[in-house]
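Student: Quick one: the structure is below, and I'll ask about it shortly.
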Amino acid sequence: MRNRFIPTTSLLLAAALAAAPAFAAGEVGATAPNFELKGVDGKSYSLAGLKGKTVVLEWVNPNCPFSDRHAREKTMAELSKQHGEVVWLGINSTSASHANYLKPEEHKAWATKNGVNYPIVYDETGQTAKAYNAKTTPHMFIVDASGKIAYNGAIDDDPPGRKAKAERTNYVKAGLTAEKAGKDPSPASTQPYGCSIKF
Amino acid sequence: MYAPKTAFLTLLALSAMGPLLAPAPALGAASEWSANEQSRVRLITPYGVAPRKGELRLGLHFTLEKDWHVYWKNSGDAGFPPVLGLGDSLGGALKEAEILWPAPHRFELPGDLVAFGYSDEVVYPVEARIQATGDSLRIVAELDYLICKVDCVPYRYTLALEQPLGDPAVADPETAPLLDTWRARVPRPAEEIAGLQTGGVIHQGGQGQDGPLLEVRVIGAEGKDGETGIFFEPHEAFDLGKPQMRLTPGGVIFRVPVRPKQVDKELPARTPLAWTVTGLTHDGKGLNVAARREVERRAEPAPLLQERNPAGTAATAPSAKRGLPRMLLLALLGGLLLNAMPTVLALLVGEALALRADAGGRAAVREKAAAVATGVLGSCWGVAAIALTAHRSGLPAGWGSQLQEPAFAALLAVATLALTLNLWGLLEIPLGPAPSGETPTPVSGTGRHLLAGLFVAPLALAWPLPNLQAPVGFALASGGLEVCAIFAALGLGLALPYLLFVAAPGLAFALPQPGRWARMLREGLGFLAGASALWLLYALSHQVRPEGLAWVELTLLAMALFAWLRHRSRARSVLKFGLAVVLAAFAVAALWLADENRLSPRPARDVTSATQIPVNTGG
Chain A
1 MRNRFIPTTS LLLAAALAAA PAFAAGEVGA TAPNFELKGV DGKSYSLAGL KGKTVVLEWV
61 NPNCPFSDRH AREKTMAELS KQHGEVVWLG INSTSASHAN YLKPEEHKAW ATKNGVNYPI
121 VYDETGQTAK AYNAKTTPHM FIVDASGKIA YNGAIDDDPP GRKAKAERTN YVKAGLTAEK
181 AGKDPSPAST QPYGCSIKF
Chain B
1 MYAPKTAFLT LLALSAMGPL LAPAPALGAA SEWSANEQSR VRLITPYGVA PRKGELRLGL
61 HFTLEKDWHV YWKNSGDAGF PPVLGLGDSL GGALKEAEIL WPAPHRFELP GDLVAFGYSD
121 EVVYPVEARI QATGDSLRIV AELDYLICKV DCVPYRYTLA LEQPLGDPAV ADPETAPLLD
181 TWRARVPRPA EEIAGLQTGG VIHQGGQGQD GPLLEVRVIG AEGKDGETGI FFEPHEAFDL
241 GKPQMRLTPG GVIFRVPVRP KQVDKELPAR TPLAWTVTGL THDGKGLNVA ARREVERRAE
301 PAPLLQERNP AGTAATAPSA KRGLPRMLLL ALLGGLLLNA MPTVLALLVG EALALRADAG
361 GRAAVREKAA AVATGVLGSC WGVAAIALTA HRSGLPAGWG SQLQEPAFAA LLAVATLALT
421 LNLWGLLEIP LGPAPSGETP TPVSGTGRHL LAGLFVAPLA LAWPLPNLQA PVGFALASGG
481 LEVCAIFAAL GLGLALPYLL FVAAPGLAFA LPQPGRWARM LREGLGFLAG ASALWLLYAL
541 SHQVRPEGLA WVELTLLAMA LFAWLRHRSR ARSVLKFGLA VVLAAFAVAA LWLADENRLS
601 PRPARDVTSA TQIPVNTGG
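Just so you know, the protein sequences line up as chains A and B, in that order. Its first residue numbered 1, the first sequence is counted upward by one per residue in this note's numbering. Its first residue numbered 1, the second sequence is counted upward by one per residue in this note's numbering.
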């Protein structure tokens, strides 16, 4: 009782440590959760296998008008060409039971039609989305070379897509430029917009 | 980050160029409906004839198919709010257009996602300024919106109407009442509502708390289970989880998990946060209220709330009342236990000796013991009043949290040091028998005993007994009556030893006759009180900078020095008085130094209005 602060501090520390894993999902600065997911091309992709490289994760759903618009506008496809040193990965967490779900052939056709030049993986259980606390399509993450999440948020600052492409702030582009210069992305976190992930 | 307020509170008004860019406008107070499978939307004004100058009201009127929704200014986990495009044509005839956001609803989506918005029908009121000439104004608005059920569909429309202008303005019989209905659902600023207060604090974490927790209190309005809700605007440093609500007789308490967006960055010590509380009742009328407050982060965990309901629904007042007897008992026992705390014990022993030394017999003992007990109860209610005031004005309040306010902890240290010096015979305070001489001086008059009683509760405040946190927290979260009852029970527990003397005054005479041993006992108790002062300085060390603590300690030492000088001085009373003034000045300096060197920021103040008292947590 007299030494109320020592037990309180200990409990605070213990609670903070105990809570850390539960509250570390997708936050900037947290270690990016590993995954091993099958691509629409039939290959297996894991984050652990990309250690040492900067990785961009994009949650996609071709049936979501926002994902589809950004694919048509080549928002990420063009950026990925400018950043050959970065690994791009699309993740589709649409449940297999949802009407938005696309079979591999349909997915490939969509990617080809829109010039999506990076692999897309299935996460039908939604576990990877939950691990990252991904909520929307699109929802963007930059994982830095040390395996930490460096950016979490929107693809750009123009939800309705009414600005000219050059006038938009592409947060992923800004984040990668900062990463390349050895700086932290700023902003490191934004509010994503778009369709909810179809869990 | 996407900033809805600056990006989409805009309106396009075109006249000369309008016909080239927009569809043929509807005449009168509403545009044609633009319809799709899920919804239809039109631009409305409340005027048959609109004014040429001043405020111009407009509205975006949506009707939605079943289960589809459009968004509030914070769309939630997905979606985005409607965006109106602005053109500054018309020579600036329309200016400063701003969407107002009626009270939203919460939509639960698959995957534990949530959206905030409107279903079935909504009118977003829009406010603009007009400065126009002529008999009509062509208003053209470019609208982007997203409508979602589980799937989402974005739409873009150009809405146009030809608004007749004139003086005086004439209301449209259909659209004016419709717009008024929805304007009435726009939350009112909390500052405009008499008797209503709201404020918030982030509790960093601790026992039984999984992570940071935001607590928002609304005082002066009633909530209703199932109808009252809270909605937040996005914050750059953290996300907020699902709120839990608890109704209290005085208002509503919300607790919301806080999820930092960056793990390697501490939550801000103070940060502005905006919220809207819907479904309240104030003065018998429905109320939606909006507030923007500076929210403070505090290290301590959120105080215990009686009967927290995990389902997020409110515990009602009757259930709160059911917990009262148990809390009263806890308060009574806690009060009794406080008598064993060193400073309180020292005072108790001193008073018992004073009663023993009283020459007035049993009747006098009874009377004086009753005076002490009255003083104890009175001081408890005084503490209750301070706690309630502190609680309602944003200061930490709750048994234990008093030590988190540096100036208050310093005050307790000063008071404890004064008691120590008194027990050592260096400082005369009219409490207990005087230390000089073998036989303590009999204390005369019940007034001194009453005064002694009044000192008990403040001395007890130095002891953060854990078992008092629950009843005091319960009382503060419940209301004024509960606070009075709980502190009365606490006071009764504290006063029990004295009440024992009232019931059986003969007990006083069962104590041994005071003599040399009594003086030694007093001086020994002085060490207990001194140890208490050290404990308070230890508590203070968590609240102030090290150099600040050193200054406070030096000030206390100076107090002791001047008390000693005054005690040793055989000079006239003028000098003694002067020394007492210096001593008091050092006491005040200790309080100032503690406050000046505080580690935590001072309690949050309202960002938008200096007169509004933020209501933070405590309890």
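C-beta atoms are modelled at their ideal positions from N, C-alpha and C, and glycine is treated no differently. Only a predicted model underlies this, so the values are computations on that prediction, with no experimental measurement involved.
In chain order, what residues of the stretch 142-159 of chain B put their CB closer than 9 Å to some CB of chain A?
Tutor: Correct list: E142, D144, Y145, L146, C148, V150, D151, C152, V153, P154 and R156.
Student: At the level of alpha carbons, what is the spacing between B:W535 and A:G126?
Tutor: So the alpha carbons of these two residues sit roughly 53 Å apart.
Student: Going along the stretch 250-265 of chain B in order, which residues come within less than 8 Å of chain A, judged by CB to CB distance?
Tutor: If the cut-off is 8 Å between Cβ atoms, the stretch 250-265 of chain B has R259, P260, K261, Q262, V263, D264 and K265 near chain A.
Student: In angstroms with no decimal places, state the Cα-to-Cα distance between A:C195 and B:G134.
Tutor: Between A:C195 and B:G134, the C-alpha separation is close to 45 Å.
Student: Check the Cβ of A:P202 against every Cβ in chain B and list those closer than 7 Å, keeping chain order.
Tutor: The shown model of chain A, from 1 to 199, leaves out residue 202 of chain A, and the question about it has no answer.
Student: Is the Cβ of B:E553 closer than 9 Å to any Cβ of chain A?
Tutor: Not one chain A Cβ lies under 9 Å of B:E553.
Student: Give me the residue from B:H235, B:I44 and B:G111 with the minimum Cα distance to B:T175.
Tutor: Comparing Cα-Cα distances from B:T175 to each of B:H235, B:I44 and B:G111, the minimum goes to B:I44.
Student: Hey, B:L481 and B:G334 are a contact pair by Cβ (cut 8 Å); roughly how many whole angstroms apart?
Tutor: In fact, because the Cβ distance is near 19 Å, the residues do not count as touching under 8 Å.
Student: Output the boundary residues of the beta strand (DSSP E) element that contains B:L43.
Tutor: S39 to I44 is the span of the beta strand (DSSP E), which, as asked, contains B:L43.
Student: May I have the straight-line CA-CA distance separating B:Y498 from B:L468, to the nearest angstrom?
Tutor: If you take the alpha carbons of B:Y498 and B:L468, they lie about 21 Å apart.
Student: I want to know whether the stretch 281-295 of chain B touches the stretch 34-54 of chain A - three or more CB-CB distances under 8 Å.
Tutor: Counting Cβ pairs under 8 Å, fewer than three are found: no touch.
Student: Does DSSP put A:D41 in a helix, a strand or coil?
Tutor: In this structure, A:D41 counts as coil in the three-state DSSP scheme.
Student: Please go through the stretch 50-94 of chain B and give each complete beta strand (DSSP E) segment of 3 or more residues, from N-terminal end onward.
Tutor: Listed in chain order, they are 53-64, 69-76 and 83-85.
Student: Using Cβ-Cβ distances below 8 Å, what residues of the stretch 54-80 of chain B are close to chain A?
Tutor: Hits within the stretch, in order: S75, D77, A78, G79 and F80.
Student: Would you say A:E201 faces chain B, with C-beta separation under 9 Å as the test?
Tutor: Here chain A has residues from 1 to 199 only, and residue 201 of chain A is not among them.
Student: Can a CB atom of chain B be found closer than 9 Å to the CB of A:Y101?
Tutor: No - not a single Cβ of chain B is within 9 Å of the one on A:Y101.
Student: Assign B:D167 to one of three DSSP states: helix, strand, or coil.
Tutor: Three-state result, B:D167: coil.
Student: Pick from A:G90, A:Y122 and A:N152: whose alpha carbon is nearest that of A:L102?
Tutor: Of the candidates A:G90, A:Y122 and A:N152, the one whose C-alpha sits nearest the C-alpha of A:L102 is A:Y122.
Student: Using CA atoms only, rank isn't needed, just tell me which of B:V414, B:L100, B:A221 and B:K66 is closest to B:A563.
Tutor: B:A563 has its Cα closest to that of B:V414, out of B:V414, B:L100, B:A221 and B:K66.
Student: Taking the CB atoms as reference points, tell me whether A:P104 and A:G175 lie closer together than 9 Å.
Tutor: No, the Cβ-Cβ distance between A:P104 and A:G175 is not below 9 Å.
Student: Under a CB-based cut-off of 9 Å, is A:F141 close to chain B?
Tutor: No, A:F141 does not count as interfacial toward chain B.
Student: Exposed or buried, which one is B:A221 when buried takes at least 16 other CB atoms within 10 Å?
Tutor: Under this definition B:A221 is a buried residue.
Student: What residues in its chain sit with their C-beta under 6 Å from that of B:G493, if we drop five residues either side in the sequence?
Tutor: For B:G493, where only same-chain residues beyond five positions count, the Cβ hits under 6 Å are L332, G335 and L336.
Student: Sort B:I202, B:H235 and B:R40 by Cα distance to B:N74 and report the nearest one.
Tutor: The option with the nearest alpha carbon to B:N74 is B:H235.
Student: Which residue marks the beginning of the beta strand (DSSP E) containing A:H98, and which one marks its end?
Tutor: Run containing A:H98: none; DSSP gives neither H nor E here.
Student: For A:T94, count the other beta carbons within 10 Å of its own beta carbon; 16 or more makes it buried, fewer makes it exposed. Which is it?
Tutor: Counting Cβ neighbours within 10 Å, A:T94 comes out buried, since at least 16 surround it.
Student: Excluding five sequence neighbours on each side, which residues of the same chain lie with their C-beta closer than 6 Å to the C-beta of A:P187?
Tutor: Closer than 6 Å at Cβ, skipping near neighbours: no residue.
Student: Considering only heavy atoms of the ligand HEM, does any lie closer than 8 Å to the CB of A:H83?
Tutor: Of ligands this structure carries none, so the ligand HEM is not represented either.
Student: In chain A, which residues lie less than 9 Å from B:V83 when you measure between Cβ atoms?
Tutor: Within chain A, the residues near B:V83 are P159, P160 and R162.
Student: Measuring only between beta-carbons, confirm whether A:Y193 sits less than 9 Å from chain B.
Tutor: It does: the Cβ of A:Y193 has a partner Cβ on chain B nearer than 9 Å.
Student: I'd like to check one pair, B:V365 with B:A508: are the Cβ atoms closer than 9 Å?
Tutor: Result yes, Cβ atoms of B:A508 and B:V365 sit closer than 9 Å.
Student: Mind checking whether B:R255 and B:L213 have CB atoms under 9 Å apart?
Tutor: Yes. Within cutoff.
Student: Should A:E179 be labelled buried (16 or more other beta-carbon atoms within 10 Å of its own) or exposed?
Tutor: A:E179 should be labelled buried.
Student: Are any of the Cβ atoms in chain A nearer than 9 Å to that of B:E236?
Tutor: True, the Cβ-Cβ gap to chain A drops below 9 Å.
Student: Taking just the CA atoms, how far does B:R570 sit from B:V483?
Tutor: The straight-line gap from Cα to Cα measures roughly 48 Å.
Student: If we ignore side chains and look at the alpha-carbon of each, how far apart do B:P546 and B:L511 end up?
Tutor: Distance between the alpha carbons of B:P546 and B:L511 is about 46 Å.
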